[in-house]
Amino acid sequence: MEKSGRQVKDVLYAQVARIGKAVCSPKRLELIELLCQGEKPVERLASEAGISLKLASAHLKELRLAHLVEARKEGKNVYYRLTGEAVADFWVAIRSLAEDRLLELRAAMAKLAEHVHELTPLSRKELLAQARRGEVMVLDVRPEAEFQAGHLPYARSMPLEELRKRLADLPHDKPVVAYCRGPFCLMAVEAVELLRKEGFSAIRLEDGVAEWRALGLPVESS
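Each residue of the sequence shown is one higher than the one before, counting from 0 in numbering that gives the first Met the number 0.
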C-alpha cells in the first residue's frame, strides 16, 4: 500500500512538472506573452519572437503538448491561442515571482525606463477613474488586432508605427498614458519618448492586458 501510494504521488508530481518543462525555454515564455495579446498566426509569432518559423513551430508544439496553447487551421494558415485565461495568469504570476526574487531581472527591467518620471505615478483604479472622466488619454500602442482582442477601458488604439502620423489627434491639455504588452514591452517606452519630444505630457503604464486582467480589473474587447 505504501509503495502504491508513493507511485501515485510520483505520477502526480510528474504531471505537474510537465508545465515546468514546457515553459523552461525563454522563447516559449515570450510566445506565451505574445499570445496573451490574442490569437496570432504562427508566422507572426515567429517574426515577433525573432526566431525562425521552424523553431517557433517546435516551441509551440511543446506548449500544445502541455495544453497551454491550442491551434486552428484556416486554409493554409495556422493560428495559435492560449487555452484559457489561466495561462495568461500563470505568465503574470511567474514573471512577478521572478521580478521579486531575481535582482538581475530587476536591474534589466530598470534599463527599459531609466527615468523614473516616465512611469505613471497613478494607482490603477485612479487611472481608470481619470480616464473615465476624460482627464487623461490612455493610448494602446500595440497593433490594432491586439487592441481588438482586448484592451483597457477607455483606451484608444494608436499603434506605435502610426503614432507620429496621428499626433494631431492627441490633446496637449491633458496627460497621455501609453501602454503595450506589459513590463517587458518596449513599444510604450518608445511612444513616451516620441510624445515627450513633441511636447506632450506623456507617461508609461507598465501593465498590459494580462496584468490588468490578472488583478481582476475590467478588460474590454471590440
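Backbone N, C-alpha and C define an ideal beta-carbon position, used for all residues, glycine too. On a predicted model such as this, the values are computed, not experimentally measured, just so you know.
{"query": "Reference Ala128; option with closest CA among Pro217, Glu205, Cys179", "result": "Pro217"}
{"query": "Among Pro152, Lys173, Asp99, the one whose alpha carbon lies nearest that of Lys123", "result": "Correcting the residue type first, residue 123 is Arg in the shown sequence and not Lys. Nearest C-alpha to Arg123: Pro152."}
{"query": "Those residues which DSSP pairs with Gln81 across a bridge", "result": "Note on residue identity: the sequence assigns Leu, not Gln, to residue 81. DSSP lists Val68 as partners of Leu81."}
{"query": "Continuous alpha helix (DSSP H) assignments of at least 4 residues falling wholly in the region 98-156", "result": "102-109, 123-132, 143-148"}
{"query": "C-alpha distance - Glu29 paired with Ala177, whole-angstrom precision", "result": "21 Å"}
{"query": "Contact check, Met157 vs Asp139, beta carbons under 8 Å", "result": "yes"}
{"query": "For Ile202, three-class secondary structure by DSSP", "result": "strand"}
{"query": "Residue environment, Glu84, which counts as buried when at least 16 other CB atoms sit within 10 Å", "result": "exposed"}
{"query": "Assigned secondary structure, Glu192 (DSSP; H/G/I helix, E/B strand, else coil)", "result": "helix"}
{"query": "Alpha carbon of Gly74 to alpha carbon of Arg5, nearest angstrom", "result": "48 Å"}
{"query": "Where the beta strand (DSSP E) containing Val175 begins and where it ends", "result": "175-178"}
{"query": "Cβ neighbours of Val115 in the same chain (closer than 7 Å, five flanking residues each side left out)", "result": "With a pLDDT of only 45 at Val115, under 50, the local geometry of the prediction cannot be trusted, and the value read off the model is given with reservation. So no residue of the chain qualifies."}
{"query": "Beta carbon proximity, Leu214 to chain D, threshold 8 Å", "result": "Chain labels in this structure do not include chain D; a single protein chain is all it has."}
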